[in-house]
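Trainee:
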């Protein structure tokens with residue numbers, strides 16, 4: 030089942046520490062990279078958040094944003110009164126020693142490190158952790174659903190282009206024996222003009238045509254390309270992420286098309302090869318966004 034790497038998911042829930050809001054967005058990326066932005070008080074849960082996201086999303090650049098809005102019963106910050114008093118006395122001492130006119134303000138004391146400590150009892154609880162991770166999972170699920178919907182559209186487009194590749198390949202296969210026949214006719218006419226009354230050596234003529242046919246034989250390439258099309262069908266039906274597999278498969282398909290183009294000395298086949306390359310390039314662009 031094809032999944033896009035682009036999507037967005039959002040989920041909210043109430044917790045003992047307040048309302049949790051989780052937003053997750055993803056874009057295409059060669060590997061899986063997860064970035065988490067969350068309040069400082071939740072830093073210790075970051076690794077658990079990444080694990081929960083990884084349960085659903087296997088590839089892409091994933092950004093997770095977590096907000097915590099304190100509820101009506103949120104705990105107030107703890108005050109370190111001893112430390113606050115110490116800062117106050119130190120500032121007053123400096124004021125007198127340096128003969129400064131400025132007053133020692135409350136905001137100055139509160140700006141000092143560790144005077145106010147954020148409440149931690151509710152964000153450290155097992156219940157809060159469970160609610161947070163469940164909310165992350167819900168947001169990831171919604172993002173995944175969006176990626177699946179876009180994946181269906183990608184799959185339809187790939188199947189359409191796969192059919193076009195098969196049609197072009199059939200046209201190449203039909204053209205190859207015609208090229209040999211046309212070459213035989215042209216070679217006969219050319220030799221007849223050059224030799225005039227001298228009889229043609231039919232065995233020699235047949236040998237030259239056979240050499241030309243062997244040089245332009247693309248049977249192996251056509252067989253391998255059809256095998257790659259069968260692999261493409263199988264990958265599109267898989268449940269696990271197949272983006273990188275499809276990328277490697279397209280490299281092999283391009284290789285076969287290039288060989289066909291170099292072997293077949295014919296203008297019509299050259300045009301078909303150009304169309305094949307154009308379709309493969311369009312498929313490659315789509316594959317870049319598949320998980």
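Numbering (the working numbering), first residue to last: 30 to 320.
Ideal Cβ positions, reconstructed from N, Cα and C, are used throughout, including at glycine.
(1) Grab me the residues of residue 278's own chain with a C-beta within less than 8 Å of its C-beta, minus the 5 sequence neighbours each way, in chain order.
(2) Hey, is residue 319's beta-carbon within less than 8 Å of any beta-carbon in chain D?
(3) Excluding the five sequence neighbours on either side, which residues of its own chain have a C-beta within less than 6 Å of the C-beta of residue 176, listed in chain order?
(4) Is residue 200 helix, strand or coil when you go by DSSP?
(5) According to DSSP, simplified to helix, strand and coil, what is residue 144?
(6) For residue 315, which residues from the same chain have a beta carbon less than 7 Å from its beta carbon, with the 5 sequence-adjacent residues on both sides left out?
(7) DSSP three-state call for residue 134: helix, strand or coil?
(8) Nearest-angstrom Cα distance between residue 11 and residue 270?
(9) Just how far apart, CA to CA, sit residue 124 and residue 78?
(10) May I have a chain-ordered list of the alpha helix (DSSP H) segments no shorter than 4 residues that lie completely inside the segment 261 to 320?
(11) Taking residue 272 and residue 319 to be in contact with their CB atoms under 8 Å, please state how far apart those CB atoms are, rounded to whole angstroms.
(12) In the structure shown, what three-state DSSP assignment does residue 60 receive?
(13) What do you reckon, are the CB atoms on residue 168 and residue 89 nearer than 8 Å?
(14) For the pair the segment 81 to 97 and the segment 117 to 134, tell me if three or more CB-CB distances fall below 8 Å.
(15) Inspect the beta-carbon positions of residue 49 and residue 158 and report whether they are closer than 8 Å.
(16) For residue 247, which of helix, strand or coil comes out of DSSP?
(17) Could you check whether residue 198 and residue 251 sit closer than 8 Å to each other, using their CB atoms as the reference points?
(18) Would you say residue 97 and residue 144 are within 8 Å of each other, going by their C-beta atoms?
(19) Measure the C-alpha to C-alpha separation of residue 81 and residue 160 and round it to an integer number of angstroms.
(20) Work out the CA separation of residue 254 and residue 293 for me, nearest whole Å.
(21) Where residue 110 and residue 76 are concerned, what is the direct C-alpha to C-alpha distance, given to the nearest angstrom?
(22) For residue 300 and residue 317, I'd like the C-alpha separation in whole angstroms.
(23) Measure the Cβ-Cβ separation of residue 308 and residue 194 and say whether it is below 8 Å.
(24) Over the uninterrupted alpha helix (DSSP H) stretch that includes residue 87, give me the two end residues.
(25) Please report the straight-line C-alpha distance between residue 53 and residue 126, rounded to a whole angstrom.
(26) Could you tell me which residues DSSP puts in a beta bridge with residue 66?
(27) Quick test of your reading: residue 65 and residue 164, contact by CB under 8 Å. State the CB separation rounded to the nearest angstrom.
(28) So the alpha helix (DSSP H) residue 128 belongs to, where does it begin and stop?
(29) Measuring only the C-alpha atoms, how far is residue 297 from residue 248?
Mentor: Quick answer:
(1) 257, 260, 261, 264
(2) This model lacks chain D altogether, as it is built from one protein chain only.
(3) 32, 33, 36
(4) helix
(5) coil
(6) 183, 186, 187
(7) coil
(8) Absent from the model: residue 11. The displayed extent of the chain is 30 to 320, so no value can be given.
(9) 48 Å
(10) 272 to 292, 296 to 316
(11) 4 Å
(12) coil
(13) no
(14) no
(15) no
(16) coil
(17) yes
(18) no
(19) 12 Å
(20) 16 Å
(21) 34 Å
(22) 26 Å
(23) yes
(24) Looking at the DSSP string, residue 87 is not in any alpha helix (DSSP H), and its letter there is neither H nor E.
(25) 55 Å
(26) 94
(27) Actually they do not touch by this definition, with Cβ atoms about 13 Å apart.
(28) Where residue 128 is concerned, there is no enclosing alpha helix (DSSP H), given that its DSSP letter is neither H nor E.
(29) 17 Å
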